[in-house]
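Numbering (my numbering), first residue to last: 6 to 106.
No residue lacks a Cβ here, since even glycine has one placed at the ideal position from N, Cα and C.
Take a look at the structure:
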């Protein structure tokens, strides 16, 4: 008789997979790298990354929905920041590692 186990050995890894999936874009990595230096408005990210405003905004939505980036109003603009400094370390380490290869 075969017993079906309710234990899922990958269960604890799924959130990490979702986090990495949300970061799996050069533009999103660039946004995180820029925000690791400090909070920025969309136009600052557009200038730094040389990408269009609609494209940057679209990627910011992905990062916000994944709780990687937070938005807060500053006067007439919306400023973005990293929710957790650990994200900056993950991304910056990945960029350095890729550059060494």
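Distance between beta carbons of residue j and residue i, contact taken as under 8 Å
i, j, result
"residue 44", "residue 84", "5 Å"
"residue 75", "residue 67", "Wrong, their Cβ atoms sit about 14 Å apart, outside the cutoff."
"residue 100", "residue 27", "In fact, because the Cβ distance is near 16 Å, the residues do not count as touching under 8 Å."
Short Cβ contact (8 Å threshold) for residue i with residue j
i, j, result
"residue 136", "residue 103", "The requested residue 136 is not part of the displayed model; the chain covers only 6 to 106."
"residue 71", "residue 23", "yes"
"residue 32", "residue 56", "yes"
Residue nearest to residue i in terms of C-alpha spacing, selected from the options
i, options, result
"residue 30", "49, 13, 61 and 41", "61"
"residue 65", "42, 91, 17 and 34", "34"
"residue 42", "86, 18 and 100", "86"
"residue 80", "15, 46, 21 and 14", "46"
Collapsed DSSP secondary structure at residue i in the structure displayed
i, result
"residue 87", "strand"
"residue 39", "helix"
"residue 77", "strand"
"residue 55", "coil"
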